[in-house]
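Position one of the sequence shown corresponds to residue 1 (full-length UniProt numbering), numbered consecutively onward.
Every residue, glycine too, gets a C-beta built ideally from N, C-alpha and C.
Worksheet for the structure shown next.
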Amino acid sequence: MFAQNVTFIKGAVGMDGLPPADMPEIAFAGRSNVGKSSLINALTNRKDLARASGEPGRTRELNFFDLAGRIRIVDLPGYGFAKAPKDVAARWMALTRDYLRGRVNLKRVILLIDGRHGIKPADEAIMKVLTEAAVSYQITLTKLDKLKPAEREAMIAATQGQIAKKVAAYPVIAATSSSKRLGLDALRADIADLAIPEQET
């Protein structure tokens, strides 16, 4: 599926601009600069499908991508970016919350956590929103190439312990590095399980 066509559909700045809820969606969420765009590009074997930027907080809308006509990828605005004006940040968060709470075809949120730092209070806040909205989320550790193997295992174990009692958390943590292509196949398999079966497309 990930070797097939993936195309940008549209960017939405309000709930009235969303595509029809007629296909499964997975949304990528995470703190600004956690590596969202890089991971989306790595998963889809594209260099610039999602625009990576050295400027945190650049994504200011919900960006929708069609993957092989079987599932949509949604790139959500990053959160926790201190330099964004408060009114702008508030609009980003309001749109994200409305989407998470009201999108009936949203199958799972891929919640990216910087593997060097672990779960932070801003991440906990998003997890609370997802739990209240009854939206399943999968913790995906990024940038694990920056850690030694023993440190990776310790971070994975610690994160697993933190989500053990969270009812909306998918039990399998994805451990990834976009630059070193670590853990991508396992995450692709988890995403493919949520897509429309190929024979139905």
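Taking the C-alpha atoms as reference points, what is the distance between residue i and residue j?
{"i": "A168", "j": "I139", "result": "11 Å"}
{"i": "Q4", "j": "Q162", "result": "36 Å"}
{"i": "V74", "j": "D66", "result": "9 Å"}
{"i": "P56", "j": "G11", "result": "Because P56 sits at a pLDDT of 45, beneath the cut-off of 50, its placement in the model cannot be relied upon, and the following sentence gives the value as read from the coordinates. Straight-line Cα distance between these residues: approximately 18 Å."}
{"i": "D190", "j": "T176", "result": "13 Å"}
{"i": "A157", "j": "D114", "result": "15 Å"}
{"i": "I173", "j": "T131", "result": "17 Å"}
{"i": "G14", "j": "A150", "result": "44 Å"}
{"i": "N122", "j": "G69", "result": "Looking at the sequence shown, residue 122 is not Asn but Ala. The alpha-carbon atoms of A122 and G69 are separated by roughly 33 Å."}
{"i": "K143", "j": "A133", "result": "28 Å"}
Quick check on residue i: does DSSP put it in helix, strand or coil?
{"i": "E153", "result": "helix"}
{"i": "K47", "result": "coil"}
{"i": "Y170", "result": "coil"}
{"i": "A21", "result": "coil"}
{"i": "T159", "result": "helix"}
{"i": "R31", "result": "strand"}
{"i": "T140", "result": "strand"}
Does the beta-carbon of residue i have 16 or more other beta-carbons within 10 angstroms, so that it is buried, or is it exposed?
{"i": "I26", "result": "buried"}
{"i": "K36", "result": "buried"}
{"i": "T7", "result": "exposed"}
{"i": "S179", "result": "exposed"}
Would you grab the beta carbon distance between residue i and residue j for me? Rounded to a whole angstrom, and I think it's under 8 Å.
{"i": "L76", "j": "F2", "result": "20 Å between Cβ atoms; not a contact."}
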